[in-house]
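S.K.: Counting with mature numbering (1 follows the signal peptide of the UniProt record, and there is no 0), you get residues -30 to -1, 1 to 284 for the letters of the sequence shown.
Cβ atoms here follow ideal geometry from the backbone N, Cα and C, with glycine treated the same way.
Keep in mind it's a predicted model, so treat the numbers as computed, not measured.
Before I ask anything, here is the structure I am working with.
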Amino acid sequence: MDEAVVVHRKTFTSALLACALLVGSRGASASACCGSGHGLGQRLGPLERAAVGLSFRFSDRFGSHGHAGAFSLAPAGTLDAEGRAELACLFAPLPRLQLGLVAPVLLNVRSSRDDTFVGGGFGDLSLSARFDIVRLDTTSAWPAIALTAGLGLPTGRSAAMARDPLATDATGLGAAEVRPGVFVEKNWDGEATAVFSASVGFRAPMTGARGERIELGPRARFVAAAGPVFSSGWSLAAGLVHERESAPSIGGAVTPGADRRRTAGLLFAGYDFSERFTALASLEVDLPASSLGKNEPSAVAFSIGLRRSFPRYE
């Protein structure tokens, strides 16, 4: 295998790390006050023209953080699980510019002590853009720096429009979101990689179940992760996600103490089957420490996926 291919595969695996850690944002279908990031972190490797990927994410809620930040387990006999399938596409119309689209389909299963409800459907479409200020170079002492932007479209059903009591048919936030951000990545000679991203989501006003006007507060998202990349095609990483959201305005009044935050641990693994196909797996667990969350559900989520890339030069 020539040197160009080796460099491509190692930097490509680093790109996959960024994709897996940053695109798998928490959904926001169960509550009108929740929010999530859209379209962050996906990128193409230096020698890639385009890529498509299919992923499956399974999550299960095991507890929550209350308004005072204390963690508590989910009540016995209850279930709150979600399955999500996503088709993602990326294209580079210019060497420094990348555009992306993510289309999700959701299946929700929720149960109380007495009833079980199942629902789902098409979720919120996500559009993304990335502009490289400093391009990735494995031999440079400088990290890669990019500006990112995400646009979430309310194509799913909001919780306010849900028909069943546990809102299992809710598949979207119910509001458009614009999310600017910055992405930083350092690769050490193709043997290790580290990524950091920061973004803030701004949501359009939405209408609640009773017709009230809801203005969600800005939601900031930070991700940091690092790990080794092996010549055999394997890559591993561990990291943290932290999200914070200011209190919403409901009917013109801001509820005291309704701000939100969550912190989760991340594990990632990727394997290059070939120069074009890569398998991905990730695990995200909300940390059940009382000081690390507020007004947020706590869940464990496992994702698997397959990605096909298309070279810039044949």
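Can you list, in chain order, the stretches of the beta strand (DSSP E) that have 3 or more residues and sit fully within the segment 245 to 281?
M.R.: 247 to 256, 266 to 281
S.K.: Beta-carbon within less than 6 Å of V22's beta-carbon, same chain only, minus the 5 sequence neighbours each way: which residues are those?
M.R.: So the list reads C59, R278, once near-sequence residues are dropped.
S.K.: Could you tell me how far apart the beta carbons of G197 and A251 are, in whole angstroms, since I believe they sit closer than 8 Å?
M.R.: Incorrect: roughly 13 Å between the Cβ atoms, too far for contact.
S.K.: Hey, how far is the Cα of P258 from the Cα of N265?
M.R.: One C-alpha to the other measures close to 13 Å.
S.K.: Looking at the structure shown, is A140 part of a helix, part of a strand, or coil, going by DSSP?
M.R.: Residue state for A140 is assigned as coil, using DSSP reduced to three classes.
S.K.: DSSP state of A228, grouped into three classes?
M.R.: Here DSSP, grouped into helix, strand and coil, assigns A228 to coil.
S.K.: Taking 8 Å as the threshold (C-beta atoms), are E254 and L236 in contact?
M.R.: yes
S.K.: So what does DSSP say about A38, is it helix, strand or coil?
M.R.: coil
S.K.: Given this structure, state the Cα-to-Cα distance separating E182 from A145, to the nearest angstrom.
M.R.: 14 Å
S.K.: Quick one: using the 10 Å Cβ neighbour count with 16 as the cut-off for buried, is A271 buried or exposed?
M.R.: buried
S.K.: For the beta strand (DSSP E) containing W204, name the first residue and the last one.
M.R.: W204 -> beta strand (DSSP E) spans 204 to 215.
S.K.: Name the DSSP bridge partner or partners of A190?
M.R.: V170, R214
S.K.: Return the residue from the list E18, L43, R149 that minimises the CA-CA distance to P267.
M.R.: L43
S.K.: Specify, as a first and last residue, the run of the beta strand (DSSP E) that D85 falls within.
M.R.: That residue, D85, is in no beta strand (DSSP E); it is neither H nor E in DSSP.
S.K.: Out of curiosity, what's the CA-to-CA distance linking G39 and D229?
M.R.: 10 Å
S.K.: Rounded to whole angstroms, what's the CA-CA distance from A249 to R13? Just pull it up for me.
M.R.: 16 Å
S.K.: Could you tell me the distance, in whole angstroms, from the CA atom of S169 to the CA atom of F87?
M.R.: 34 Å
S.K.: My understanding is that P124 touches L143, with C-beta atoms under 8 Å, so please give their C-beta distance in whole angstroms.
M.R.: Between L143 and P124 the Cβ distance is about 6 Å, and since that is below 8 Å, they are a contact.
S.K.: Under DSSP, the beta strand (DSSP E) around F200 begins and ends at which residues?
M.R.: Careful: F200 lies outside any beta strand (DSSP E) and carries neither H nor E.
S.K.: So, are the CB atoms of R214 and A190 less than 8 Å apart?
M.R.: yes
S.K.: Report the residue ranges of all beta strand (DSSP E) runs contained in full by the segment 106 to 133; include only those spanning at least 3 residues, in chain order.
M.R.: 114 to 123
S.K.: Based on Cα-Cα distance, which residue from R105, A207, L67 lies nearest to R19?
M.R.: L67
S.K.: Where do the N-terminal and C-terminal ends of the beta strand (DSSP E) with L14 fall, by residue?
M.R.: Looking at the DSSP string, L14 is not in any beta strand (DSSP E), and its letter there is neither H nor E.
S.K.: Below 8 Å on the Cβ atoms is my guess for G89 versus T138; work out the distance and round it to an integer in Å.
M.R.: The Cβ separation is near 3 Å, so the contact holds.
S.K.: Cβ atoms of P16 and L106: under 8 Å apart, would you say?
M.R.: yes
S.K.: Could you check if R133 is buried or exposed, using at least 16 other CB atoms within 10 Å of its CB as the buried criterion?
M.R.: exposed
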